[in-house]
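Step one of this worksheet: look at the structure below.
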Amino acid sequence: MRPDAQPGHPAVLHLPVMFAQVMEGLRVLENGTYLDGTFGRGGHARGVLRNLGPGGRLLLMDKDPEAIAHAEREFAGDARVAIRRGSFAELAQWDATGAGLDGVLFDLGVSSPQLDVAERGFSFGKDGPLDMRMDPDSGESASQWLARAGEAEIADVLWTYGEERMSRRIARAIVARRAQQPFLRTADLAETIASVMPRDKSGIHPATRSFQAIRIHVNRELADLEAGLDGALARLNAGGRLAVISFHSLEDRIVKRFIARHAKAPPANRRLPETTGFVASLKEIGGAQRAGADELATNPRARSAVLRVAEKLEGAA
Ligand SMILES: C[S@@+](CC[C@H](N)C(=O)[O-])C[C@H]1O[C@@H](n2cnc3c(N)ncnc32)[C@H](O)[C@@H]1O
């Protein structure tokens, strides 16, 4: 989970996470076309725009209507910019991407405005309605899901997406408590979880992993990431760059495996027929990158960020 999900970190205005490394990775061409699939509040997008000439284009997406409202307020007058509300999972269905992209950026997870506004229901530190959807008009809220999911399903989600060792115990407590009263508020859920967790001296709130897991589930974050990576590869021009910042190991594993699958032939296996005809479509640029010491000292949210960059190869489909 992004460290800024913990209460106590003030919403300081920083450069967006790993800004210089993202700009270097995207290597913005003056007349190129770029897609920022996670606009947020536009920190990275502004960096891309600064490097684009009048013939360049920047396509902006976000699931969150408030992020899109910001994008429209700030960039509606810029002829180089096009804006679309929606998941980057559907980027290839946006006509504007049809002519090809020279770079795609996904800066995953939630934004600090989403975490800081109690009404969005993401934060165990700020009591609000238990929602957690980046797009409040799509799918079930956390409250709706917790009202209907079976105990085993809840335990599975907590274990798989939160790596929560107490997943079964927490799921049991949730099901027992909802039989009395539905979960409507974040504080309710956080208290129920805390009430069955052993004391932890680390200072991390006992609901941290469960909130992360429920958020990932409610927003279908990993399925979107898989689809977004496929869409990006399909739309990138030869020489185009893909840059993805992830904030936990589940996301990073997906990105790492995606790049490896398209960059390297699968290892030979004596038991299987030899795979011939592998054509690499991506080249990895620089491996896993982390924020530098200066950024880590001033920006707590950079602590768990991992950036991976890859380039689409000539001749790839
Ligand atoms: C970490 S913030 C991005 C911050 C941004 N790079 C900036 O500089 O302000 C993540 C944003 O991505 C959005 N988001 C997350 N998953 C998404 C998806 N699958 N499709 C579109 N937007 C998504 C969230 O709503 C949030 O606004």
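So the number in the numbering used here is just where the residue sits in the sequence shown, counting from 1, plus 6.
Backbone N, C-alpha and C fix where the C-beta goes; we use that ideal spot for every residue, glycine too.
With fewer than 16 other Cβ atoms inside 10 Å of its own Cβ, Q187 counts as exposed.
A Cβ-Cβ distance of about 7 Å is found for the pair A286 and K270, placing them in contact under the 8 Å criterion.
Bridge pairing for G109: Y40, R247 [DSSP].
Around the Cβ of G292, a 10 Å sphere holds fewer than 16 other Cβ atoms; the residue is exposed.
S216 is positioned such that its CB atom lies no closer than 9 Å to that of F189. The residue among G104, F112, L21 with its C-alpha nearest the C-alpha of R247 is F112. The beta carbon of H76 is closer than 7 Å to those of R47, G48 in its chain, skipping five residues each way along the sequence. For F284, the number of other beta carbons within 10 angstroms of its own is below 16, and it is reported as exposed. Here the alpha carbon of T103 sits roughly 14 Å from the alpha carbon of L235. Here A179 really is in contact with V202; their C-beta atoms are around 4 Å apart, less than 8 Å. Separation of the CB atoms of H50 and V34 is rounded to 11 Å, and the pair is thereby denied contact status at 8 Å. As the crow flies, the alpha-carbon of P119 is around 28 Å from that of I176. In the displayed model, R63 falls within a strand according to three-state DSSP. Runs of the beta strand (DSSP E) lying entirely within the segment 261-316, each at least 3 residues long, are 288-295 in chain order. Of D141, L136, L121, the smallest CA-CA separation from K69 is found for D141.
For G115, the closest of E290, I220, A274 by C-alpha to C-alpha distance is I220.
The beta-bridge partner set that DSSP reports for K318 consists of L288. Where I220 is concerned, the enclosing alpha helix (DSSP H) starts and stops at 214-224. Closest option to G83, judged by alpha-carbon separation, among L64, E96, P71, V224: L64.
At a cut-off of 8 Å, the beta-carbon of S129 does not count as near ligand 1: no heavy atom of the ligand is closer than that. DSSP places V87 within a strand segment (E or B) once states are collapsed to three.
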